[in-house]
Every structure is written in structure tokens, then in C-alpha cells.
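Visitor: Attaching a single structure in C-alpha cells format; questions to follow.
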Amino acid sequence: MAAPIIEIESISKSFGAFQVLDQLSMQVMPGEKLALIGPSGSGKTTILRILMTLERIDGGHIRIEGEELYHMSKNGGLAPADEKHLTKMRQKIGMVFQLFNLFPHMSVLDNVTLAPILTKGVSRADARKRAMELLDMVGMSAKADAMPSQLSGGQKQRVAIARALALSPKIMLFDEVTSALDPELVEEVLNVMRKLAAETDMTMLLVTHEMGFAHDFADRVLFFDRGRIVEEGKPDDIFRHPKQERTQTFLRKII
Ligand code: ADP
Numbered sequence: 030m031a032a033p034i035i036e037i038e039s040i041s042k043s044f045g046a047f048q049v050l051d052q053l054s055m056q057v058m059p060g061e062k063l064a065l066i067g068p069s070g071s072g073k074t075t076i077l078r079i080l081m082t083l084e085r086i087d088g089g090h091i092r093i094e095g096e097e098l099y100h101m102s103k104n105g106g107l108a109p110a111d112e113k114h115l116t117k118m119r120q121k122i123g124m125v126f127q128l129f130n131l132f133p134h135m136s137v138l139d140n141v142t143l144a145p146i147l148t149k150g151v152s153r154a155d156a157r158k159r160a161m162e163l164l165d166m167v168g169m170s171a172k173a174d175a176m177p178s179q180l181s182g183g184q185k186q187r188v189a190i191a192r193a194l195a196l197s198p199k200i201m202l203f204d205e206v207t208s209a210l211d212p213e214l215v216e217e218v219l220n221v222m223r224k225l226a227a228e229t230d231m232t233m234l235l236v237t238h239e240m241g242f243a244h245d246f247a248d249r250v251l252f253f254d255r256g257r258i259v260e261e262g263k264p265d266d267i268f269r270h271p272k273q274e275r276t277q278t279f280l281r282k283i284i
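Following this note's numbering, the numbering of the sequence shown begins with 30 at its first residue and continues without gaps.
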């Protein structure tokens, strides 16, 4: 059997006195499409932010393709952030945020070319060529010269997906990417994600409240509550026949 692309082993994370994650362990196989569901505040976004190195862990291990994401010091704590190592590891992972986070003062094209030029030393010409292919894939090539403020939320989010793909990550993280959108714009973003899932072998982790989409998109669904995985399984099992009472209560409320 193939080795996991992501191994999370007993990680903990607190914000002040509040423990968000408590000895959490999970594994993701290459190419797997995972949906993380559960009540607000259960730690789902924090897991994505930790994988993206936007938050540090208090303890435990994370390995991406077998390599430690955070180097640990000899006394067991985290070693001081090793920027070179983190930059290398970050290139394996792309993230799309709820609020798009496009650079507002840059054109659509520059948003997509910036990271490859800066962090991978790709030439401007090559970065533009690749960016136009990606913008085409998300249906946004006609807006390459537009500024973010001229775009609808759905268009911004499609550009944000192209930008995250520009570094050719092996892992894509989607953090409630449709929850800030007007209902009529949700589908255009979900369609791009469906296409990505069908046409690439990227590993994808999705935090979402769109249960219908999670059902169709995911190979495996993880239900979180209070920083722990309460139940996991195939979408049909979790959504139609949840075993745990907490999962049943949550799904009854949301569906
Ligand atoms: P979810 O994605 O499941 O809604 P989150 O991972 O966003 O949950 O948040 C888990 C808990 O951690 C929440 O109670 C949230 O308020 C808290 N939290 C998240 N980020 C921070 C932060 N930077 N500082 C303080 N508390 C935070």
C-alpha cells in the first residue's frame, strides 16, 4: 500500500487557555479527497492553517511525504522556525481561503504569477504562460488584466484557486471557500473544484458546510467536535447512517 502523503500524529494546539486540538491524529493518502465537517469552533480551520504553516503546533508531529513539517528541538519543543525548510515545505501545499485574500493592488494575472516568480525563480514569461492556462481552467482568462475590486466574489474565488495552483502543489486546502459568497455564485466555484477533483490527482482537504457538495466530492468524511474526530467514513455512511449521536444531532440540524 502507498505511504500517506500527510501524517498527523498526536498534535495539540491551544490559543491561550483554550485547547483547540487535543492529541489529534489522522492520515491522508495521496490523491484522497477529504471533507472535514462539524460544528463551528471544532478546530477544522485550525488544522488547515497548521498544515499551511500559518499556525504552529504545541506538540506532536506532522509529516508531509514522510518529511517533518516542523523541526523539533532536542528538548521536545518546536525548533525555531527554519524559514528555508518551511518555504520548501509550503510549496507542496496550496490554500484557498473563505475571504479570497487576493492582493488588492495587483491585477488578476499578477496575483497568479507572484509566488512562482518570487519563491521558485520562474521567469516572468513562463509564469505568465502558466497563469493564463490556470485562469483559462477556472474560466477567468478574459479578466487577466482586471483588478480584484472589479470582480464578483465567485470570480475572486476562482482567481484565488488559480493562484493557489500556480505553485503546482500536491495538496490543496479549501477553507469554507463558498461561505462568503452570494448563493447564486456558489455553484461556479464548486464547479471549478469538481473539475479539479476529476482532472487531477491532487490530494484535497475541504472544510465545508455544503453537505451536498461534501457528499459528492469526498472519498472520506471526517466529523469533528471539540478538536477531535468523532466519526469518519465514506460519505454515504456518514451522511445516511451516522453511528455517533453527536454526528446525528449535527446533521439533523444542518441538513
Ligand atoms: P472551525 O473551523 O471548526 O470553525 P476553528 O479552527 O476556526 O474552528 O476554531 C477553533 C477555535 O479556536 C474557535 O473557538 C476559535 O475562536 C479559536 N481560534 C481560532 N483561531 C484563533 C486565534 N488565532 N486566536 C484565538 N483563538 C482562535
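Using N, Cα and C, we set each Cβ at its ideal position, and we do this for glycine too. Remember, it's a predicted structure, so these values are computed and weren't measured experimentally.
In three-state DSSP terms, what is residue 200?
Guide: As a first step, residue 200 must be located in the sequence shown, where it is residue number 171. In this structure, residue 200 counts as strand in the three-state DSSP scheme.
Visitor: Less than 9 Å between CB atoms is the rule here; does residue 39 satisfy it with respect to chain B?
Guide: Within the model displayed, chain B is absent; a lone protein chain is all it includes.
Visitor: Would a C-beta distance cut-off of 9 Å place residue 91 and residue 38 closer than the cut-off?
Guide: Taking the sequence shown and counting its residues from 1, the one referred to as residue 91 is at position 62. Taking the sequence shown and counting its residues from 1, the one referred to as residue 38 is at position 9. Against a cut-off of 9 Å, the Cβ pair of residue 38 and residue 91 comes out as a contact.
Visitor: Look at the alpha carbon of residue 142 and the alpha carbon of residue 160, and state the distance between them as a whole number of angstroms.
Guide: Counting from 1 along the sequence shown, the entry for residue 142 is found at position 113. Counting from 1 along the sequence shown, the entry for residue 160 is found at position 131. Rounded to whole angstroms, residue 142 to residue 160 spans 6 Å at the Cα level.
Visitor: Which residues mark the beginning and the end of the alpha helix (DSSP H) in which residue 245 is found?
Guide: As a working note, residue 245 is residue 216 in the sequence shown. 240-246 is the extent of the alpha helix (DSSP H) around residue 245.
Visitor: Within the present structure, is the beta-carbon of residue 72 separated from the nearest heavy atom of the ligand ADP by less than 8 Å?
Guide: Along the sequence shown, one-based indexing puts residue 72 at 43. Yes.
Visitor: Taking Cβ to Cβ, would you say residue 62 is nearer than 9 Å to residue 246?
Guide: For this step, residue 62 is matched to residue 33 along the sequence shown. For this step, residue 246 is matched to residue 217 along the sequence shown. It is a contact, given that the beta carbons lie within the stated cut-off.
Visitor: Taking contact to mean 3 or more Cβ pairs, one atom from each stretch, closer than 8 Å, check whether the region 172-180 and the region 207-214 are in contact.
Guide: no
Visitor: DSSP three-state call for residue 173: helix, strand or coil?
Guide: For this step, residue 173 is matched to residue 144 along the sequence shown. Looking at residue 173 - three-state DSSP - the assignment turns out to be coil, as it is neither helix nor strand.
Visitor: Please work out which residues of its chain come closer than 8 Å, Cβ to Cβ, to residue 198, disregarding the five sequence neighbours upstream and downstream, and give them in chain order.
Guide: Reading the sequence shown from its first residue, position 169 is the one you call residue 198. Result list for residue 198: 120, 121, 122, 123 and 231, in chain order.
Visitor: Since I believe residue 217 is in contact with residue 127 (beta carbons under 8 Å), could you give me their beta-carbon distance rounded to a whole number of angstroms?
Guide: As a position in the sequence shown, residue 127 is number 98, starting the count at 1. As a position in the sequence shown, residue 217 is number 188, starting the count at 1. So it is not a contact: roughly 16 Å between Cβ atoms.
Visitor: Please classify residue 44 as buried or exposed, where buried requires at least 16 neighbouring CB atoms within 10 angstroms.
Guide: Taking the sequence shown and counting its residues from 1, one reaches residue 44 at position 15. Residue 44 should be labelled exposed.
Visitor: Throw me the rounded Cβ distance for the residue 98 and residue 82 pair, which I believe falls under 8 Å.
Guide: Along the sequence shown, read from residue 1 onward, the residue named residue 98 stands at position 69. Along the sequence shown, read from residue 1 onward, the residue named residue 82 stands at position 53. Correct: roughly 7 Å between the Cβ atoms.
Visitor: For the beta strand (DSSP E) that contains residue 53, what are its first and last residues?
Guide: Here residue 53 refers to the residue found at position 24 of the sequence shown. Counting along the chain, the beta strand (DSSP E) containing residue 53 begins and ends at 47-57.
Visitor: So residue 44 is in the alpha helix (DSSP H); what residue range does that whole segment cover?
Guide: Taking the first residue of the sequence shown as 1, we reach residue 44 at position 15. Counting along the chain, residue 44 falls outside any alpha helix (DSSP H), though it belongs to the beta strand (DSSP E) covering 35-44.
Visitor: Taking the beta strand (DSSP E) that residue 232 falls in, what are its first and last residues?
Guide: Start at 1 with the first residue of the sequence shown, and residue 232 comes out as number 203. First-last of the beta strand (DSSP E) with residue 232: 232-236.
Visitor: What's the gap between the Cα of residue 75 and the Cα of residue 222?
Guide: Here residue 75 refers to the residue found at position 46 of the sequence shown. Here residue 222 refers to the residue found at position 193 of the sequence shown. Rounded to whole angstroms, residue 75 to residue 222 spans 21 Å at the Cα level.
Visitor: Determine which residues share a DSSP beta bridge with residue 265 and list them.
Guide: In the sequence shown, counting from the first residue as 1, residue 265 sits at position 236. Residue 265 pairs with nothing; no bridge assigned.
Visitor: Using a Cβ-based criterion (distance less than 8 Å to any ligand heavy atom), does residue 236 qualify as near the ligand ADP?
Guide: Your numbering for residue 236 matches position 207 in the sequence shown. Yes, the beta carbon of residue 236 sits closer than 8 Å to at least one heavy atom of the ligand ADP.
Visitor: Can you say whether residue 116 is buried or exposed, counting buried as having 16 or more other CB atoms within 10 angstroms of its CB?
Guide: As a first step, residue 116 must be located in the sequence shown, where it is residue number 87. Exposed: under 16 other Cβ atoms inside 10 Å.
Visitor: Note down the Cα distance separating residue 343 from residue 184, rounded to an integer number of angstroms.
Guide: With the chain covering 30 to 284 only, the question about residue 343 has no answer from this structure.
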